[in-house]
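Following the working numbering, the numbering of the sequence shown begins with -2 at its first residue and continues without gaps. All remarks here apply to the structure that follows.
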Amino acid sequence: MALDWEVVARAPDEGRLEAIATSEWFGFRDDIVVRIRPDGTGSRVDIRSKSRVGESDLGANARRIRAFIARLKAEN
């Protein structure tokens, strides 16, 4: 799964990945955390994407999360 994220931390034993996404136009940086935990016979995926600055991201973080989930489902 190729994403335009800069991975800044990996903790496989904890099921955690941390990354930064940088916008093309203004270079705004958003922090991303993905956690994967066992859940019954499957797994539970939690993802957070948060802008570092500003009051509104114009939906960029929600779109990023939806796109990640769609790609994850497509690859399974």
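Backbone N, C-alpha and C fix where the C-beta goes; we use that ideal spot for every residue, glycine too. Predicted model only: the values in this text are computed from it and were never measured.
Distance from the CA of residue 64 to the CA of residue 50, rounded to the nearest whole angstrom, comes to 22 Å. DSSP lists no beta-bridge partner residue for residue 49. Exclusion of the five residues before and after residue 16 leaves 2, 3, 4, 5, 29 as the residues of its chain whose Cβ lies within less than 7 Å of its Cβ. Residues of the same chain with their beta carbon placed closer than 6 Å to that of residue 20 are lacking, with the five preceding and five following residues left out of the count.
DSSP, read as helix, strand or coil, puts residue 1 in coil.
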